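*Asks:* Sharing a structure here in structure tokens format.
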Ligand code: KG4
Ligand code: ZN
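Structure, rendered in structure tokens:
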């Protein structure tokens with residue numbers, strides 16, 4: 082049996098988990114900073130790294146205690162090395178190096194996106210997970226939108242990605258414009274309930290490459306709409322500041338329209354790619370895969386089974402980092418103590 086202690090601090094969650102054989106979650110601790118960042122309307126990087134420093138020791142201790150294990154039973158220490166915020170990543174990487182050195186354990190640097198993808202291999206039910214390759218993975222998070230073809234473990238072909246904003250970023254920016262607060266995805270999903278997704282004609286972007294995505298036009302269209310309703314206000318709406326909601330702003334209709342536009346674009350391109358590449362399954366990953374409409378539409382419109390993690394494994398966590406690290410462990414891929422953070426690390 083292989084036991085991995087995994088650490089994740091790439092953005093605003095301080096997380097640690099103990100994972101057995103890349104599948105079994107012995108513990109999964111996440112200290113969220115959402116309440117702290119909410120007042121800034123988004124993640125404040127310096128505050129995030131400070132909070133990681135304050136929380137990391139306790140979070141790791143809790144993960145070890147909840148797993149009822151000690152370091153003699155741990156085979157490796159894994160940590161997110163990128164992509165993410167540099168100051169945040171550094172806290173996790175330094176903690177992992179310290180532990181690995183002190184406990185004489187191998188160190189495994191993990192790509193955060195690979196973590197999201199491997200969240201689909203974590204066992205949450207009674208049966209072990211069996212994924213049949215080739216699979217298509219749609220990673221949709223606050224910073225990324227990538228369509229990845231996987232023919233085997235660790236084998237990634239990027240079919241397409243966003244050329245501007247990520248899907249989660251689009252949700253977050255629109256939420257700001259609508260005065261819905263942070264994080265935007267769950268807020269837009271909630272506000273969309275009862276709204277008419279066809280009330281406004283929101284744009285669908287075309288991209289040069291068939292599997293690329295583009296969401297920045299959507300944000301601009303919503304900005305224009307909000308401005309139309311805010312004519313009485315002296316200063317123009319500014320995308321960088323939360324908009325004071327005009328009284329008559331049809332928030333539910335706009336939220337429903339935006340959610341539909343994002344989900345429809347994601348489902349359409351995923352469906353086309355799934356068919357063209359003859360994949361056996363489609364896997365969703367990342368914070369936006371928590372979205373109810375996305376899950377429902379993917380399952381309804383794709384000709385192959387669709388798999389997605391439970392909500393608590395969609396958003397950032399360390400269990401997924403442990404699942405991805407296990408594959409590196411099996412291949413004998415370890416990091417040395419020169420391991421550095423790579424804020425703009427790509428999957429390939
Ligand atoms: O994967 P994640 O926790 O962090 C990153 O690696 O970025 O993703 C966070 C993103 C945020 O943009 C958030 O608004 C979005 O996931 N999100 C959602 C939902 N829950 C979280 N977007 C749409 N619907 C949701 N229910
Ligand atoms: Zn993430």
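Numbering (the working numbering), first residue to last: 82 to 429. Beta carbons: idealized from backbone N, C-alpha and C, even for Gly. Bear in mind the structure is a predicted one, so any value in this text is a computation, not a measurement.
1. Would residue 420 and residue 178 qualify as a contact pair, given that the criterion is a beta-carbon distance under 9 Å?
2. Anyone know if the C-beta pair for residue 412 and residue 235 falls short of 9 Å?
3. Are there 16 or more other CB atoms within 10 angstroms of the CB of residue 370, so buried, or fewer, so exposed?
4. Just to confirm my understanding: we take residue 389, look at its own chain, exclude 5 residues before and 5 after, and list those with CB closer than 8 Å. What are they?
5. By a C-beta neighbour count over all protein chains shown, 10 Å radius and 16 as the cutoff for buried, is residue 95 buried or exposed?
6. How is residue 175 classed by DSSP in three states: helix, strand or coil?
7. Using 8 Å as the cut-off, can you tell me whether the region 141-155 makes contact with the region 101-117, which would need three or more C-beta pairs spanning the two stretches below that distance?
8. Pick from 360, 90, 350: whose alpha carbon is nearest that of residue 290?
9. Return the Cβ separation of residue 253 and residue 264 in integer angstroms, given the expectation that the two are a contact with Cβ distance under 8 Å.
10. Compute every distance between the C-beta of residue 397 and the non-hydrogen atoms of the ligand ZN, then say whether any falls below 8 Å.
11. How many Å lie between residue 59 and residue 296 at the Cα?
12. Could you check what DSSP says for residue 425 in three-state terms: helix, strand or coil?
13. What three-state label does DSSP hand residue 82 in the structure shown?
14. Would you check if the region 130-137 and the region 400-419 touch, i.e. whether three or more CB-CB distances between them fall below 8 Å?
15. Assign residue 402 to one of two classes, buried (16 or more other C-beta atoms within 10 Å of its C-beta) or exposed (fewer than that).
*Replies:* In brief:
1. Yes. Within cutoff.
2. Yes, Cβ-Cβ distance for residue 412 and residue 235 is below 9 Å.
3. Residue burial is scored here from C-beta neighbours: residue 370 has at least 16 other C-beta atoms within 10 angstroms and is therefore classed as buried.
4. Excluding sequence positions up to five before and after residue 389, its CB lies within less than 8 Å of the CB of 201, 364, 365, 366, 370, 376, 379, 395, all in the same chain and listed in chain order.
5. Buried is the call here.
6. Residue state, collapsed to three classes: helix.
7. Under the 8 Å Cβ criterion, the region 141-155 counts as touching the region 101-117, having at least three qualifying pairs.
8. Out of 360, 90, 350, 350 has the C-alpha closest to the C-alpha of residue 290.
9. Confirmed, Cβ separation roughly 6 Å.
10. Proximity of the beta carbon of residue 397 to the ligand ZN is indicated: a heavy atom of the ligand is located closer than 8 Å.
11. No statement about residue 59 is possible, as the shown extent of the chain runs from 82 to 429 and does not include it.
12. DSSP places residue 425 in coil when its eight states are reduced to three.
13. If DSSP states are grouped into helix, strand and coil, residue 82 belongs with coil.
14. Cβ pair count under 8 Å is below three, so no.
15. Buried is the call here.
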